[in-house]
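Going letter by letter, the sequence shown gives residues 10 to 168 in my numbering.
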Amino acid sequence: MKRVLFSLLMLATVLSAVGAGSLAYFSDTETSSGNTFTAGIWLIEVEIDIKPGSFPNSINPDNEGVIPVAILTTADFNAVDVNPDTVRFGPSRAEASHWALEDVDKDGDIDMILHFNTQDTGIAAGVTQAELVGKTVDGTDIHGIDSVNIVPPTVTPGD
Ligand SMILES: [Ca+2]
Ligand SMILES: [Ca+2]
10 MKRVLFSLLM LATVLSAVGA GSLAYFSDTE TSSGNTFTAG IWLIEVEIDI KPGSFPNSIN
70 PDNEGVIPVA ILTTADFNAV DVNPDTVRFG PSRAEASHWA LEDVDKDGDI DMILHFNTQD
130 TGIAAGVTQA ELVGKTVDGT DIHGIDSVNI VPPTVTPGD
């Protein structure tokens with residue numbers, strides 16, 4: 010299992026080991042939930058799939074609908090263990106409007122699918138990836154990240 014032990018002493022090691030995505034998560038957690046990073050707080054990196062079955066994960070920020078996001082069960086993680094009430098998604102940390110347990114990726118195990126109102130997520134032009142955070146039923150922090158393709162496309166210099 011990809012577990013990362015956060016402690017103040019280990020911070021430099023952890024950040025270099027798990028990369029920029031987790032760095033963003035680290036700062037968000039600090040401000041949003043008041044967690045302190047003392048020894049013994051664990052973080053599980055989970056596999057998520059924005060818009061399961063679709064790639065690229067095209068999102069129109071003006072859409073009034075929902076964005077489905079799956080938390081996938083893997084050999085190392087059971088998505089059934091996630092407390093859906095704790096899950097937040099996107100730059101604005103949206104709460105799910107709906108969730109269910111189902112085999113999203115049709116590999117024979119049960120995953121969690123959550124729906125977030127697009128307007129609640131904070132996903133806007135220029136966003137290239139979106140994070141999901143939450144906790145398991147036993148209180149362990151989870152974090153996942155997936156790519157986002159904003160439509161209609163924004164003009165990028167050099168294209
Ligand atoms: Ca996808
Ligand atoms: Ca599955």
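Just so you know, even glycine gets a beta-carbon here, dropped at the ideal spot from N, CA and C. If you're wondering where the values come from, they're calculated on a predicted model, not measured in any experiment.
- Alanine 134 counts as exposed, since fewer than 16 other beta carbons sit within 10 angstroms of its beta carbon.
- Aspartate 118 has its CB nearer than 7 angstroms to a heavy atom of ligand 2.
- Separation of alanine 139 and leucine 123 (C-alpha to C-alpha, rounded to the nearest whole angstrom) is 14 angstroms.
- By the CB criterion at 8 angstroms, leucine 141 and valine 96 fall inside the cutoff.
- Remark: the C-beta of phenylalanine 86 is outside contact range of ligand 1, defined as less than 7 angstroms to any heavy atom.
- Contact check for valine 91 against threonine 130 fails: the beta carbons are separated by 8 angstroms or more.
- Here the distance from the Cβ of serine 67 to the nearest heavy atom of ligand 1 is not below 7 angstroms.
- Across the set Trp108, Val75, Met121, the C-alpha of Met121 shows the shortest separation from the C-alpha of glutamate 56.
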